[in-house]
């Protein structure tokens, strides 16, 4: 297996067509087909299912693509690191973030990177924390911001801030009373839970409470956008931080109530792979992310507390 084979393989994977991949790589289609056949022979498995109008990756092809992305990302980072020797912050870096984090600091992060580090290409990869963890360990991101990630030897974690979780719903479902809701009262409401996220791990030490909520949940969602849409349509209520829907809470189209006995919290961590050495680029961007998070908490745009303050 060599880099040329991987380059052609990635082009086929991304374009799903041999002819288009050949045009993209500026080579003859026969060359791309030849290298793909050699690669499949070396690996002893088919990487694509050939169809009349294109090519679909097999399970082996999906796995190889993840490795190929990581390999070329490391090569690019190595080239930038050696060329610049820490003198200039440059190169491409992919950072994983949940929706609520991007909503608070995503635009400011992109803007600040452009101003401070014009030679840097920043890619923000949005995903729920459970999926974001998978992206990190499969080397699709240099580092990720994750809520309540599992303890895992493959990553090192640094806690940044803590967010209290609230019960959020439409005014037609949830009264705007100042009194907090007892946790046991939540099952009286139509309940929606994210099927992949951090809430379950926020209650991992209280499995009975978690099980009660899961049994009462009428809707399970793996999409933040769908969750917000369901909240606005009064389909159900959910447990989330206020940062998920700040505009709706300010306008009064949604209501949040504090939860007690127990009061659930979640912690945001900056997570990196233990087998990856920090580069000048990754250090600077990680420092910037921490800086923006702290500023957002300090000026009140992010209703949270820095982890050291709890």
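Residue numbers (this note's numbering): 274 to 583. Backbone N, C-alpha and C fix where the C-beta goes; we use that ideal spot for every residue, glycine too.
Going straight from the alpha carbon of residue 287 to that of residue 346, what length do you get?
Looking at the two C-alpha atoms, the distance is approximately 16 Å.
Any idea which residues DSSP pairs residue 370 with across the strands?
In DSSP, residue 370 forms a bridge with 399.
Could you give the residue range of the alpha helix (DSSP H) that holds residue 561?
That run of the alpha helix (DSSP H) goes 553 to 571.
If contact is defined by three or more beta carbon pairs under 8 Å, each pair taking one atom from either stretch, is the stretch 526 to 545 in contact with the stretch 413 to 425?
Yes: the two stretches touch, three or more of their Cβ pairs being nearer than 8 Å.
Sequence-distant residues of its chain with Cβ nearer than 7 Å to residue 430 (five each side left out):
Counting only Cβ-Cβ distances below 7 Å, and skipping sequence neighbours, we find 422, 542 and 544.
For my contact list, residue 529 and residue 456 are in at a C-beta cut-off of 8 Å; report their separation, rounded to the angstrom.
At roughly 15 Å, the Cβ-Cβ gap does not stay under 8 Å, so residue 529 and residue 456 are not in contact.
For residue 544, which of helix, strand or coil comes out of DSSP?
Of the three classes helix, strand and coil, the one that applies to residue 544 here is strand, per DSSP.
Anyone know if the C-beta pair for residue 330 and residue 437 falls short of 8 Å?
With contacts defined as CB atoms closer than 8 Å, residue 330 and residue 437 fail to qualify as a contacting pair.
State whether the stretch 363 to 383 contacts the stretch 391 to 409, with contact taken as three or more CB pairs (one from each stretch) at a distance under 8 Å.
Flag = yes, the stretch 363 to 383 and the stretch 391 to 409 touch.
Pairs of beta-carbons, one from the stretch 321 to 328 and one from the stretch 285 to 302, closer than 8 Å: are there three or more?
With the cut-off at 8 Å, the stretch 321 to 328 and the stretch 285 to 302 touch.
In the stretch 320 to 392, which residue ranges form an unbroken alpha helix (DSSP H) of at least 4 residues, counting only runs that do not cross its ends?
Counting only unbroken stretches of 4 or more residues, the alpha helix (DSSP H) elements lying wholly within the stretch 320 to 392 are 332 to 357 and 380 to 389, in sequence order.
Short of 7 Å in beta carbon distance, which residues of its chain neighbour residue 293, apart from the five on each side in sequence? Order them along the chain.
Cβ contact annotation for residue 293 (same chain, cutoff 7 Å, sequence separation greater than five): none.
For residue 307, would you say it is in contact with chain C, using Cβ-to-Cβ distances shorter than 8 Å as the test?
The question asks about chain C, but that chain is absent: this structure has only one protein chain.
Curious, which full-length beta strand (DSSP E) runs of at least 3 residues does the stretch 394 to 453 contain?
Inside the stretch 394 to 453, DSSP marks whole beta strand (DSSP E) runs of 3 or more residues at positions 416 to 420, 428 to 437 and 439 to 442, from first to last along the chain.
So what does DSSP say about residue 491, is it helix, strand or coil?
Here residue 491 sits in strand by DSSP.
How is the alpha helix (DSSP H) around residue 501 delimited, first residue to last?
Here the alpha helix (DSSP H) through residue 501 covers 497 to 505.
Pair every Cβ in the stretch 375 to 386 with every Cβ in the stretch 337 to 345, then say whether three or more of these pairs are closer than 8 Å.
No, because fewer than three Cβ pairs between the stretch 375 to 386 and the stretch 337 to 345 fall closer than 8 Å, the two stretches do not touch.
Going by alpha carbons, who is nearest to residue 318 out of 307, 332, 540 and 305?
Residue 318 has its Cα closest to that of 332, out of 307, 332, 540 and 305.
Note down the Cα distance separating residue 465 from residue 434, rounded to an integer number of angstroms.
So the alpha carbons of these two residues sit roughly 25 Å apart.
Taking the straight line between their C-alpha atoms, what separation do you get for residue 390 and residue 356?
For residue 390 and residue 356, the distance between alpha carbons rounds to 16 Å.
What is the residue span of the beta strand (DSSP E) that residue 529 lies within?
First-last of the beta strand (DSSP E) with residue 529: 528 to 533.
Which residues bound the beta strand (DSSP E) around residue 513?
Segment 511 to 513, the beta strand (DSSP E) holding residue 513.
Shortest alpha-carbon distance to residue 527 belongs to which of 507, 540 and 533?
For residue 527, the closest of 507, 540 and 533 by C-alpha to C-alpha distance is 507.
Just to confirm before moving on: does the CB-CB distance between residue 591 and residue 524 stay below 8 Å?
As displayed, the chain neither begins before 274 nor continues past 583, which places residue 591 out of reach and without an answer.
Apart from the five residues on each side of it in sequence, which residues of its chain come closer than 7 Å, Cβ to Cβ, to residue 334?
So the qualifying residues of the chain are 286, 320 and 321.
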